[in-house]
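Trainee: Under my numbering, the residues of the sequence shown are numbered -11 to 599, in order.
We treat Cβ as the ideally placed atom computed from N, Cα and C, and that holds for glycine.
It should be emphasised that the depicted structure is a prediction, and the values quoted were computed from it without experimental measurement.
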Amino acid sequence: MALEQFSDVVQRCEALPNDSYTSDDHNVFTIAGRTCIEEGNSPQVLSIVLDEKNQNIVRSMGWNLLPPLIQVLLKKEDKNLPQCLSIFNHLLETCRPKELLIGLLEQVEHDDPDRIAESLHLLLNPLQKVLLCLGSRKASSLGMTLSSVLDQLVKLPVPVTKEQEEDDVFSLCRCCTDLIQFVRPFVEEARLNQSSGNQLEKSHKTASGQDEGAEDELRTDLLKFCMKTLSQPLLDVQIRDPDTLPLSPLRTFASEILDILGAVGESLPSLLFHPLLKRKEVPGFLEEEVHYPKSSLASLAHLVFVHHLAADTFPSVFSPLFCLRSNMEHISILLSRPEDSRLQKGLELYEKSMVRVEDGSLPADLLEIKTFLTVPQDLVKVMTVCPNYDLRTKGLKVFQLSIDKFHPEAKYRFFQYMLRTSNHSGVEGYVIKNIKNQIDAALQPGNSNIWFEGAHLLPLLRKVFSLPDGPETDLLQNLDRVMESLNLLRYLIIRDKVTENQTGIWTELYKIEDTFMKPLRVGLNMSRAHYERELQGTMENKKKKTKDKSVLSVSVGGDELPKMTSESQIQALHSALHTFDMIESVLVRIEELTEVKDGLEPAGELHPVKT
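#1: Kindly indicate which three-state DSSP category phenylalanine 394 falls into: helix, strand or coil?
#2: Count the other C-beta atoms from every protein chain shown that fall within 10 angstroms of the C-beta of arginine 408, then say buried if there are 16 or more, exposed otherwise.
#3: Within 8 Å, do at least three Cβ pairs link the segment 124 to 135 to the segment 67 to 76?
#4: Which residue spans inside the segment 94 to 139 form an unbroken alpha helix (DSSP H) run of at least 4?
#5: Report the three-state DSSP secondary structure of threonine 217 (helix, strand or coil).
#6: Quick one: what's got a C-beta closer than 6 Å to phenylalanine 17's C-beta in the same chain, skipping five residues either side?
#7: Tell me whether the segment 393 to 404 and the segment 337 to 354 touch, counting them as touching only if at least three CB pairs, one residue from each stretch, are closer than 8 Å.
#8: I need the straight-line Cα distance from aspartate 97 to alanine 560, nearest angstrom please.
#9: State the DSSP-derived secondary structure class of threonine 461, mapped to helix, strand or coil.
#10: Between which residues of its own chain and leucine 80 is the CB-CB distance below 8 Å, once the five residues before and five after are set aside?
#11: Out of Gln140, Pro230 and Pro101, state which residue places its alpha-carbon closest to the alpha-carbon of glutamate 154.
#12: Is DSSP giving leucine 350 helix, strand or coil here?
#13: So, with DSSP's three-state summary, where would you put threonine 487?
#14: Pick from Phe174, Lys340 and Asp209: whose alpha carbon is nearest that of valine 121?
#15: Going by CA-CA distance only, name the one from Gly334, Asn437 and Ser573 that's closest to alanine 398.
#16: Tell me the DSSP secondary structure of threonine 208 in three-state form.
#17: If you compare alpha carbons, which of Leu497, Glu488, Asp462 and Arg469 is closest to valine 510?
#18: If we ignore side chains and look at the alpha-carbon of each, how far apart do cysteine 214 and leucine 53 end up?
#19: Using the C-alpha atoms, what's the distance from threonine 553 back to methionine 527?
#20: Which residue marks the beginning of the alpha helix (DSSP H) containing arginine 577, and which one marks its end?
#21: Closest to glutamate 176 by C-alpha separation, out of His109, Val137, Leu249 and Gln(-1), would be which residue?
#22: For methionine 406, which of helix, strand or coil comes out of DSSP?
#23: Identify which residue in Glu2, Ser11 and Gln32 has its Cα closest to the Cα of alanine -10.
#24: Could you tell me which of Leu367, His295 and Val137 sits nearest to leucine 93, measuring between CA atoms?
#25: Quick one: what's got a C-beta closer than 6 Å to tyrosine 9's C-beta in the same chain, skipping five residues either side?
#26: Any idea what DSSP makes of valine 368, helix, strand or coil?
#27: Going by C-alpha to C-alpha distance, which of Pro145, Leu508 and Asp39 sits closest to proline 456?
#28: Specify the secondary structure class of leucine 141 as computed by DSSP and reduced to three states.
#29: Which first and last residues belong to the alpha helix (DSSP H) in which methionine 514 is found?
#30: Measuring only the C-alpha atoms, how far is histidine 444 from alanine 429?
#31: Could you check which residue in Val470, Ser454 and His279 has the C-alpha nearest to that of lysine 212?
#32: Return helix, strand or coil for serine 159, following the three-state DSSP convention.
#33: I'd like to know whether the C-beta atoms of cysteine 164 and leucine 62 end up nearer to each other than 8 Å.
#34: Does DSSP classify isoleucine 77 as helix, strand or coil?
#35: From phenylalanine 600 to leucine 389, what does the alpha carbon distance come to, in whole angstroms?
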């Protein structure tokens, strides 16, 4: 039935002038033709389509047969596969490019999610042929095509391990390779348009400026393609160096994207280092049309500085400090994201940018730049909140590296800022430990450092030797900070003789006793009494309910402990009491050491410096 309808409509349209077919003719041709292919009558359809007298009809309406043909080509096992392939190729040679493009893109956009890779592999080459047939009219169509293809590409899973990339288990590598092959002729055209010889030809073109406008549109679409690709999938994939994976399709894909940027006249240093407002002044790029997404530029910075892609085109005249300052914005973008892939790239870019900087060289005025304060805060989140252990460890390593690169004054001001803003006991304890190391270095013979001894040090010590909530401070929650503060105080009392008073600790000690040691002693007594009562109550509860493995939840410090067995609760309470004993033992030793000041006068009075 469908075959008869298809033959009838083709015969009826033979006698009609070109493009005078009615909507009914189009509908019957489309429905009947598709049904024939779906029912296995592809040989008969092929005969009709190849008939010379039917070419006008095929040219006008043949593109409507694309959907069932493409489905057969994707399945591959159909017995009529050769006939369907012949019909498909004939349509590509005969139908109008604009209509073919519409039909092919519909199949790209509406394909089964499980067959995206096969669909792209099949259709990219036909799409390229159709676009090339459009001539100077292809620019806007190219942008639409690239956008549709990338929308599908990013749906593919990203290989996580080296083996997954080698085996291309998700077909992403093949699709990326196909995509580069697809875009290559358009890139070469843009490259030629950028050449000096082509620029001379522009002066002889018609006053209408149509050719020049098409060239600008072509490179604009290619630039948008590069920016979108840098964001996805390249920001999600892990690029492996040649030592790890000698033949990496994803690394090759990234290199090709950077090459395309050069082909459309984009300078890598300009993209990475210049503010957007300056870049808008570049002729040929319409301000409202061209966008430089921050995530894409961050991805570009990672490829250039971490993996050294396009290194031969990147000038080496920029100082490590200049590169660091420029990359801080990109690092901030990456570290502010929750995805592990972004965090990993942010940490790698920060590390690579810092490694080239000389230790102790970063000046304090850098801390007036916003990103030099926001990036450490992002690092704190990585170190304390990120569920990935490897990223937390990496974050701590990079955090310490950044501290090492600061000049002593910058370290001093950075420590002040972190103690004021981090709001995390572990981070504060780590900062205090670094303060201790800086003081120890300054007290070594010949290493005098005004920022970590004498009057300058006192304001920093006052921040260290304080309790966030006085005697009511939660000592368990603030354990890291409290213990590092006590260790620093004990170190200063032992290391700095009362007769020398290099750090000013002996001048400040009476204040420290009032604002830190005495409130800590009160807090210890209060906390121990509270936990001892909870322990006694829990043990009595256990005796009353020996048959019940669980007990009512225990409230400590206003927070309920998770529901657990009596034995687990008793163990947790004993652990807390042990912690209080540990704090008290250090506090007692400090109190004993301070007795040495009795009968001794500290060296000259220090006059604190305002900071």
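Mentor: For this structure:
#1: strand
#2: exposed
#3: no
#4: 104 to 121
#5: helix
#6: Val(-3) and Met49
#7: yes
#8: Inspection of the sequence shows that residue 97 is occupied by glutamate rather than by aspartate. Straight-line Cα distance between these residues: approximately 58 Å.
#9: coil
#10: Leu88, Pro114, Lys117 and Val118
#11: Pro230
#12: strand
#13: coil
#14: Here residue 121 turns out to be cysteine, not valine, going by the sequence shown. Cysteine 121 has its Cα closest to that of Phe174, out of Phe174, Lys340 and Asp209.
#15: Asn437
#16: helix
#17: Asp462
#18: 33 Å
#19: 11 Å
#20: 554 to 582
#21: Leu249
#22: helix
#23: Gln32
#24: Val137
#25: Cys1
#26: helix
#27: Leu508
#28: helix
#29: 506 to 532
#30: 15 Å
#31: His279
#32: coil
#33: no
#34: It should be pointed out that residue 77 corresponds to asparagine in this sequence rather than to isoleucine. Helix.
#35: Any question about residue 600 goes unanswered here, given that the chain covers just -11 to 599.
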